Every structure is written in C-alpha cells, then in structure tokens.
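Below: the structure, in structure tokens.
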Amino acid sequence: MPIRLPHSTPAWIFVISTERPKLARCTWTWRAIPSWPLYPLGLIPAVWLFWRGVEGHLGADPVGTFEKMLGLWAIRFLAASLVISPIRWVTGISLLKYRRALGLLAFIYVVLHVTAYVWLDIGFNDAILIRDITRRPFIILGALALLALIPLALTSNRLSIRKLGRRWSRLHRLVYLVAILAGIHLFLAFKRPTPTSELYDGLLAALLLARVVHGAFSGRRRVVRSG
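The following block contains the structure:
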C-alpha cells in the first residue's frame, strides 16, 4: 500500500492530525496538576485583605472596602467556575476537576462577604439589618444567592455524585440562578453603573449566554441525528 506523504495530504487533515497529539499532551499536562493547591492559593486574597485592614491600608472605610472586595472575589471565582465548560467546548481541554475547587472558593468568599457585613459592618444588630433590607433590597438577592450555594457546596463531593445520580446535575444547575442573583446584587450594590460592575455583570451574562447557545446547538444536533 503506498504511503501518502504530508504534502499530498489535504491541508486540513494534516493540520488536524498534527494538532491532536498537541491537544492530548496539553490535556494530559492539566490532568497531572492536582486541584488541591487552588484552595490555599484562592484564600491568599482574603488573608491579604485582612492584613491590609489590620495595617490600616484599606482607605477611609476599611470595613466597607473589606466587605466589597470579598464580594468581588466571590464573583471572580464564580465566573472562573462557569468558564470551565466553554473552555472545553472551544479547545477540547477538560479542566472539570478544577471546577469544584473554584465553586467552593466562591462559596467561601460569599460566606466571608456576608460575615463581614453582619459582624464587622452592623455588629449583629437586628434593627440595622431590617433597616438595611428595606433600604437596600439587593441584600435579599445576596442572601438568596448564599442559600442557593449551600446545597451546591454540601454536594460537591464524589459521594453525593454517586448517591444523587442524575439528580446531582439538575441540582447543580442552581449555579446559573446564583450567577443571575449575584449579577443583579452587584449592579444594585454599586447604585450606579461603574466599570467594575459592568465588567463582571457583562462577564456573567456572556457565560450564561454561552450556555444557552451551546444548549440550543446541542439540542439541534441531536434532533438532526435522530432524524
């Protein structure tokens, strides 16, 4: 049987055949890197912010700055967990094992954000809390996002995946609701559009839209194949 040389092979076939080993090596490299270092690395911003606050370097309103920055880091980790799937769709590189760590870090930062508000900001004062809720309803949205994250955090383990089966995937779709609540919470918390709120709200909206589009195209392909 004659051997076909690269110059006689259609260009697109040759490119695909040479790119696949590179993609395989890249995927293997990511699989070789464990996910546990994300936890200590992900907590560095919280420790740094706390230290800056102790040293008096968080500006005129250190508690407010500390609280706001913890919330922004929660949104950053939430967005990072949501970007894992689009990366796989576009590049074929699977980083799914890192999504759990990123999601749990988002949950941790939400808890720290709420704790900073309830403890450091209002000092566990029920009257102030009720007043703030009536004046700043975005607090309710933040609380709802936290409540939605709790079952996701509690079931982010292999035992829950085995026990829940298909229900686990349906449960973890709550993350999309969390993203919507977080985006609205952020927008209202800044009172008026700012580059920061527009950046993160735009990012969350783009990631949610990517899922809608991907789901629509996947469903269309399934219909075509079944037809």
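If you're matching positions, the sequence shown starts at 510 in the numbering used here and goes up one per residue. For glycine and all other residues, C-beta sits at the position ideal for the given N, C-alpha and C. Predicted model only: the values in this text are computed from it and were never measured.
Please report the residue range of the alpha helix (DSSP H) in which residue i lies.
i	result
residue 609	605 to 624
residue 694	683 to 698
residue 678	675 to 680
residue 554	547 to 563
residue 637	635 to 644
residue 595	593 to 600
Is residue i helix, strand or coil by DSSP?
i	result
residue 580	helix
residue 703	coil
residue 651	helix
residue 723	helix
residue 665	coil
residue 569	coil
residue 711	helix
residue 660	helix
residue 590	helix
residue 670	helix
Would you decide whether residue i is buried or exposed? Buried here means 16 or more other CB atoms lie within 10 Å of its CB.
i	result
residue 577	buried
residue 678	exposed
residue 691	buried
residue 650	buried
residue 608	buried
residue 721	exposed
residue 623	buried
residue 637	exposed
residue 706	buried
residue 694	buried
residue 584	buried
Rounded to the nearest angstrom, how far is the Cβ of residue i from that of residue j, given a contact under 8 Å?
i	j	result
residue 712	residue 588	5 Å
residue 619	residue 656	At roughly 10 Å, the Cβ-Cβ gap does not stay under 8 Å, so residue 619 and residue 656 are not in contact.
residue 611	residue 590	4 Å
residue 572	residue 613	That pair is no contact at about 25 Å.
residue 684	residue 661	6 Å
residue 696	residue 658	Not really, about 19 Å apart at Cβ, beyond 8 Å.
residue 673	residue 663	Not really, about 11 Å apart at Cβ, beyond 8 Å.
residue 565	residue 575	Rounded, the Cβ-Cβ distance is 12 Å, inconsistent with contact.
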